[in-house]
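To keep things clear, I will list the structure first and then write my remarks on it.
Number of protein chains: 2
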Amino acid sequence: MTALSVAEFLAGKASAGSDVTVKGWVRTKKDSKGGFSFINIHDGSCFGTLQVVADNKLPNYDSEVTKLTTGCSIEVFGTVVESQGKGQSFEMQAKELQVLGWVEDPATYPIQPKPHTMEFLRENAHLRPRTNIIGAMTRVRNSLAQAIHRFHHQRGFNWIHTPLITASDAEGAGELFRVSTLDLNNLPRTDKGDIDFSQDFFGKEAFLTVSGQLNVESYCLAMSKVYTFGPTFRAENSNTSRHLAEFWMVEPEVAFAKLPENADLAESMLKYICKAVLDERQDDMAFFAQRVDKTCISRLEQIVEQDFERMEYTDAVNILKNSGKSFEYPVEWGVDLQSEHERYLAEEHVGRPIILMNYPKDIKAFYMRLNDDEKTVAAMDVLAPGIGEIIGGSEREERLDVFDARLNAMDLNKDDYWWYRDLRRYGTVPHSGFGLGFERMVAYATGIKNIRDVIPFPRAPKSAEF
Amino acid sequence: MTALSVAEFLAGKASAGSDVTVKGWVRTKKDSKGGFSFINIHDGSCFGTLQVVADNKLPNYDSEVTKLTTGCSIEVFGTVVESQGKGQSFEMQAKELQVLGWVEDPATYPIQPKPHTMEFLRENAHLRPRTNIIGAMTRVRNSLAQAIHRFHHQRGFNWIHTPLITASDAEGAGELFRVSTLDLNNLPRTDKGDIDFSQDFFGKEAFLTVSGQLNVESYCLAMSKVYTFGPTFRAENSNTSRHLAEFWMVEPEVAFAKLPENADLAESMLKYICKAVLDERQDDMAFFAQRVDKTCISRLEQIVEQDFERMEYTDAVNILKNSGKSFEYPVEWGVDLQSEHERYLAEEHVGRPIILMNYPKDIKAFYMRLNDDEKTVAAMDVLAPGIGEIIGGSEREERLDVFDARLNAMDLNKDDYWWYRDLRRYGTVPHSGFGLGFERMVAYATGIKNIRDVIPFPRAPKSAEF
């Protein structure tokens with residue numbers, strides 16, 4: 482007895498006339514007066530549902546089949562039939578239908594076959610994977626994630642699991658979550674009255690990481706091509722549509738690579754992962770284009786098909802100043818660009834993705850490589866139509882003396898960076914990397930606006946987790 | 482000018498006589514009296530080093546080449562030459578050699594071309610990726626990780642990123658790390674004098690997760706085939722050779738799957754990932770077999786080639802009792818098996834991996850499915866020669882009434898499981914899953930005994946992170 486997923490069934494893996502078994506959940510059911518029912522079932526394997534025709538020759542037709550409601554789980558054995566309906570390839574004529582799980586009190590079951598607000602679904606996070614939109618998001622998210630690993634593996638990168646709990650706040654990128662096992666009702670104190678972290682789990686203060694980049698440079702300066710793909714944490718603005726307290730980052734880091742190679746890598750990676758989604762998830766992307774954002778497919782196609790423009794930050798500032806547009810935030814050389822500027826450049830000025838390079842050093846991180854002009858650093862941002870910045874990266878300052886001068890100028894303590902400085906004392910090489918916020922990429926691909934709707938478990942009042 | 486990695490060079494990607502560039506770090510250098518030097522360089526792309534022959538016709542031979550020491554980074558342009566030495570396929574005759582980075586004070590550079598103790602390397606965690614053993618471990622680790630994703634993706638699984646920060650301690654699997662942004666010097670209190678977690682970041686107490694399993698079941702009961710591969714945390718015994726505070730877990734979860742299918746999936750996955758390592762990392766595995774554990778290759782071959790035995794827990798207890806062996810821990814029906822028992826069964830009794838099934842319910846977790854005998858649950862452990870338990874899994878109790886009775890019997894609070902119970906109220910189906918501790922798998926594959934040496938950044942005094 483062949484068991485098929487809905488995706489396999491619809492793709493014609495079993496030919497018309499053969500008998501197969503399918504298991505899944507009822508999305509909708511319509512009873513006909515002629516003594517038969519149309520039951521549409523899904524199992525998460527694809528966007529589409531399988532239409533099962535069940536008639537009153539089934540021994541449990543009256544007692545069970547007619548009582549099925551949305552969300553019930555069933556196992557159906559039946560014959561593959563070429564579908565008469567448009568848009569459907571195959572359907573099934575049921576020979577046996579077994580109910581695996583009923584829905585308790587169908588009238589109050591939260592997931593009905595009708596549109597729900599995203600707010601409502603966030604509060605039913607444990608059940609929302611059963612909806613069209615979250616199912617489709619999950620498959621697109623998976624497609625992107627798998628493509629990220631495949632891209633790097635095929636090119637000889639090693640995936641490095643950098644530490645999540647860290648005692649160093651060297652990145653300085655944001656507010657930190659403390660990780661501790663101290664008893665809050667009985668905090669140990671030093672003689673001076675300070676909290677005695679030597680009695681905490683790790684013997685010192687510990688936090689959740691904001692980035693794996695500094696750590697992964699250790700591996701880059703030994704293995705040449707490495708990347709992280711793991712969770713990072715920011716203790717700020719958790720409850721907005723654009724920020725998450727917990728999100729996944731992709732951070733490739735390549736030895737012997739200067740800024741142009743870094744830009745090439747970012748472009749290739751974006752092209753590769755967008756192509757994977759377009760190839761693998763046509764069904765889900767058609768849904769997003771129809772229901773969420775008309776442009777989401779054409780945006781991905783543009784990334785795949787068009788060369789990314791390279792542009793100097795300085796040139797971009799001049800273009801913006803001469804654009805005749807009135808921006809909310811005025812532009813001068815030295816300012817960080819806002820989303821309105823980034824989108825003007827990508828959408829209106831060149832009409833495709835741009836990689837902006839060589840930003841003023843004062844608006845960029847301490848570890849970015851100083852250019853010969855001593856005013857700019859070898860930083861880059863990838864700007865995409867419809868979103869603005871999607872990737873940020875740089876060449877890293879690999880020269881110990883220049884790095885130390887920068888730490889000094891920024892009033893940072895050399896001792897905090899002792900091991901990072903060691904990498905520059907022993908066989909230093911030029912190296913570059915970038916970061917892609919994974920959830921931001923999923924939101925971009927699907928057109929879903931609220932970033933809490935592209936993570937598997939949003940934190941919402943009454944939700945499963947919070 | 483073609484640039485090749487060491488792996489590409491040694492594999493003959495450029496033919497003898499052609500000119501190429503290679504970049505890497507010096508592992509060893511020998512100067513000959515005849516006016517030339519042999520320099521072995523590595524770049525992390527493979528275990529082997531590339532031998533570069535540099536002679537005194539190079540303009541910087543006396544000023545730089547003869548001064549190279551272990552750890553210096555260089556870029557060499559030269560001609561591919563078929564190697565005369567045994568075990569080497571190709572070497573390079575240098576035409577230009579550029580030093581990219583020197584080693585400051587070579588005499589004190591921690592990574593010398595000699596054996597270091599693992600303890601010493603843990604305290605130099607930022608430099609240890611440059612050693613043979615950590616480089617080899619990193620490549621094997623990557624090979625296993627990539628194979629895990631590939632295995633699931635090819636079979637239609639979706640990778641689900643379950644939450645790392647969680648407000649629920651529903652799993653009950655171990656000691657928790659608290660995650661908080663409260664000011665420890667100024668803790669908010671309720672009227673009753675308790676800590677007021679409503680003022681903490683998430684508005685309630687939050688912890689790091691010990692497992693993604695309960696969460697991922699939400700997706701399993703909607704998408705059918707899902708898995709987690711992410712970090713989990715335990716606040717216990719961090720400083721032993723067998724425990725980590727932070728480690729990665731692989732947790733597949735399959736709807737409509739009973740225990741036998743779960744066992745089959747575990748066997749297929751282990752076979753697939755071990756085969757990937759044997760195919761992709763012959764160089765590194767040869768090193769581990771030679772230097773770390775003679776049996777590590779044959780163990781993996783055994784997993785790939787031999788069918789795993791299936792055995793009932795009850796039968797295993799009888800075999801152990803009748804074995805004539807004197808175990809440190811006596812065996813009776815109802816006890817949890819110890820490593821000595823597991824290894825006897827796998828190594829001596831059947832001489833290959835075993836999947837033990839149907840354990841006494843009292844030694845297993847609350848969510849495992851009760852068998853009809855009402856004494857055992859549909860749990861399984863995969864036991865492998867040389868290590869004992871490598872995978873643990875079960876069918877999940879999908880029947881709400883039986884689940885509730887179990888919660889009651891174990892004095893657990895139903896309300897804490899409201900969303901998990903919802904999954905059983907609405908379209909429940911049989912489902913199964915298992916967990917593989919990723920670091921345990923890497924230790925098994927490489928033969929490395931101390932689990933802190935198979936993670937990228939061990940926590941050790943003076944190490945980069947702690």
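Residue numbers (our numbering), protein chains in the order written: chain A, 482 to 947; chain B, 482 to 947.
Where a beta carbon is used, it is the ideal one built from N, C-alpha and C, also for glycine.
Let's test the definition: count the other Cβ atoms within 10 Å of the Cβ of residue i and tell me whether it reaches 16, buried, or not, exposed.
i                        : result
glutamate 782 (chain A)  : exposed
arginine 622 (chain A)   : buried
glycine 498 (chain B)    : exposed
alanine 926 (chain A)    : buried
glutamine 532 (chain B)  : buried
glycine 493 (chain B)    : exposed
alanine 588 (chain A)    : exposed
isoleucine 844 (chain B) : exposed
methionine 891 (chain B) : exposed
threonine 776 (chain A)  : exposed
aspartate 765 (chain B)  : buried
alanine 859 (chain A)    : buried
serine 518 (chain A)     : buried
lysine 548 (chain A)     : exposed
aspartate 817 (chain A)  : exposed
glutamate 829 (chain B)  : exposed
leucine 711 (chain B)    : Note that residue 711 (chain B) is glycine in the sequence shown, not leucine. Glycine 711 (chain B) comes out buried.
Can you list, in chain order, the residues of its chain whose CB lies under 6 Å from that of residue i, leaving out five sequence neighbours each side?
i                        : result
methionine 704 (chain B) : Asn639
alanine 744 (chain A)    : Ile836 and Met861
glutamate 545 (chain A)  : Val580
glycine 928 (chain B)    : Phe769, Val773, Asp774 and Cys777
proline 591 (chain B)    : Asn605 and Leu608
glutamine 819 (chain B)  : Tyr810
arginine 791 (chain B)   : Ile836
glutamine 763 (chain B)  : none
Please report the Cβ distance between residue i and residue j, rounded to the nearest whole angstrom; I am assuming they are in contact, meaning their Cβ atoms lie under 8 Å.
i                        : j                           : result
isoleucine 784 (chain A) : leucine 751 (chain A)       : 5 Å
glycine 616 (chain A)    : glycine 908 (chain B)       : With 8 Å as the limit, glycine 616 (chain A) and glycine 908 (chain B) do not qualify as a contact, their Cβ atoms being about 14 Å apart.
serine 486 (chain A)     : serine 526 (chain A)        : 4 Å
valine 863 (chain B)     : alanine 738 (chain B)       : The pair is not a contact, with the Cβ atoms about 16 Å apart (cut-off 8 Å).
leucine 881 (chain A)    : arginine 905 (chain A)      : 4 Å
alanine 606 (chain A)    : phenylalanine 938 (chain A) : 5 Å
glutamate 734 (chain A)  : valine 707 (chain A)        : 5 Å
valine 507 (chain B)     : valine 557 (chain B)        : Valine 507 (chain B) to valine 557 (chain B), Cβ: 10 Å. No contact.
Give every residue of the same chain whose Cβ lies closer than 7 Å to the Cβ of residue i, excluding the five residues on either side of it in the sequence, and list them in chain order.
i                           : result
phenylalanine 847 (chain B) : Arg887, Leu888, Met891 and Leu893
proline 644 (chain A)       : Thr690 and Asn696
glutamate 761 (chain A)     : Ser624
valine 562 (chain A)        : Ala497, Phe571, Glu572, Met573 and Gln574
Might you give, ordered along the chain, the residues of its own chain that have their beta carbon closer than 8 Å to the beta carbon of residue i, omitting 5 neighbours on each side?
i                     : result
valine 758 (chain B)  : Val621, Ser624, Leu625, Ala628, Met766, Leu781 and Ala926
leucine 702 (chain B) : Ala736, Leu904, Gly908, Thr909, Val910 and His912
Contact residues within the stretch 607-638 of chain A, judged by C-beta distance below 7 Å to chain B: Among the residues of the stretch 607-638 of chain A, those with a Cβ less than 7 Å away from any Cβ of chain B are His607, Leu608, Pro610, Arg611, Gly616, Thr619, Arg620, Asn623, Ala626, Gln627, His630, His634 and Gly637, in the order of the chain.
The stretch 914-924 of chain A / the stretch 861-878 of chain A touching (three or more Cβ pairs under 8 Å): With the cut-off at 8 Å, the stretch 914-924 of chain A and the stretch 861-878 of chain A touch.
Within 9 Å of chain A by C-beta, residues of the stretch 704-716 of chain B in sequence order: Correct list: Met704, Ser705, Lys706, Val707, Gly711, Pro712, Phe714 and Ala716.
Sufficient close CB pairs (3 or more, under 8 Å) joining the stretch 572-587 of chain A to the stretch 532-552 of chain A: Judged by pairs of C-beta atoms under 8 Å, the stretch 572-587 of chain A touches the stretch 532-552 of chain A, as three or more such pairs exist.
At least three beta-carbon pairs within less than 8 Å, the stretch 666-678 of chain B to the stretch 600-608 of chain B: Touching, no.
contact_flag[the stretch 693-702 of chain A, the stretch 615-633 of chain A] where n(CB pairs < 8 Å) is 3 or more: The answer is no - the stretch 615-633 of chain A does not touch the stretch 693-702 of chain A, with fewer than three Cβ pairs under 8 Å.
Stretch pair the stretch 808-820 of chain A + the stretch 768-779 of chain A: three plus CB contacts closer than 8 Å: Not touching, per the Cβ criterion.
Under 9 Å (Cβ pairs) to chain A, residues found in the stretch 654-667 of chain B: For the stretch 654-667 of chain B, the beta-carbon criterion of a distance under 9 Å to any beta-carbon of chain A is satisfied by Glu656, Leu657, Phe658, Arg659, Val660, Ser661, Thr662, Leu663, Leu665 and Asn666.
Inter-stretch contact at 8 Å, needing at least 3 Cβ pairs: the stretch 682-692 of chain B / the stretch 707-719 of chain B: At 8 Å Cβ cutoff, the stretches touch.
contact_flag[the stretch 921-938 of chain B, the stretch 591-598 of chain A] where n(CB pairs < 8 Å) is 3 or more: Taking a contact to require three or more Cβ pairs closer than 8 Å, the stretch 921-938 of chain B and the stretch 591-598 of chain A do not qualify as touching.
At least three beta-carbon pairs within less than 8 Å, the stretch 796-804 of chain B to the stretch 822-831 of chain B: Taking a cut-off of 8 Å on C-beta distances, the stretch 796-804 of chain B touches the stretch 822-831 of chain B, as three or more cross pairs fall below it.
The stretch 724-753 of chain A: positions lying closer than 8 Å to chain B by Cβ: Using a CB distance below 8 Å, the part of the stretch 724-753 of chain A facing chain B consists of Ala726, Glu727, Trp729, Ala736 and Phe737, ordered along the chain.
Contacting positions in the stretch 522-536 of chain A - beta carbon closer than 7 Å to chain B: If the cut-off is 7 Å between Cβ atoms, the stretch 522-536 of chain A has Asp524, Gly525 and Ser526 near chain B.
Residues from the stretch 534-556 of chain A in contact with chain B, defined by Cβ distance under 8 Å: Look at the stretch 534-556 of chain A: the residues with a C-beta under 8 Å from a C-beta of chain B are Gly552, Cys553, Ser554 and Glu556.
Chain A contacts from the stretch 750-781 of chain B (Cβ-Cβ distance under 7 Å): For the stretch 750-781 of chain B, which is checked against every Cβ of chain A, not one residue is closer than 7 Å.
Cβ-based contacts, 7 Å cut-off: residues of the stretch 878-909 of chain A near chain B: Cβ contacts with chain B: Trp900, Asp903, Leu904, Arg906, Tyr907, Gly908 and Thr909.
Contacting positions in the stretch 570-581 of chain A - beta carbon closer than 8 Å to chain B: Per Cβ criterion, the list reads Leu581.
Residues, ordered as in the chain, of the stretch 925-941 of chain B that lie near chain A by beta-carbon distance below 8 Å: Within the stretch 925-941 of chain B, the residues whose Cβ lies closer than 8 Å to some Cβ of chain A are Ile936, Pro937, Phe938 and Arg940, listed in chain order.
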